[in-house]
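A short worksheet on the structure shown next.
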């Protein structure tokens, strides 16, 4: 395994052992070698939430459905004059300050319905933002201390 992977000599033994076990289990179930590492991994789990930013009441509305556990989201998408053909699956993504990246996939059916594929996903930056604010506060404190020391010296 180490020789089959570029830079494999530098990989930790635990990673090599883990991947070897996954390949062995895959061969036992499928009867063939995997096409790549992505075939060994399970489908990623994501929060059942997708943020829509920069939308107003003209672009998006959300109303309660008949079932209290469901809601209906209607989006007004830009019109396109060209005839619909080709791809029927789309991936949309957005980024912002509190949620670095949120994304979701949708499929266009032959009858014109659009359905979501999965739950969508997001990468939240709360931990990173907290660290940035802490570093900013520390920097401000050090700058103030530096100013006090300069006053004492001067």
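In our numbering, the protein residues as written are 36 to 189.
Note that the Cβ used here is the ideal one computed from N, Cα and C, for glycine as well.
No experiment lies behind these values; they were computed from the predicted model shown.
query                                                                                                                                      : result
Between 40, 126, 69 and 76, which has its C-alpha nearest residue 153's C-alpha?                                                           : 126
Quickly, what does DSSP pair residue 157 with across the bridge? List them, please.                                                        : 137
Run the CB neighbour count on residue 66, radius 10 Å, all protein chains shown included, and call it buried at 16 or more, exposed below. : exposed
Under the three-state reduction of DSSP, which class applies to residue 96: helix, strand or coil?                                         : strand
Output the distance between the C-alpha atoms of residue 169 and residue 181, rounded to the nearest integer angstrom.                     : 18 angstroms
From the DSSP output, in three-state form, read off residue 125 for me.                                                                    : strand
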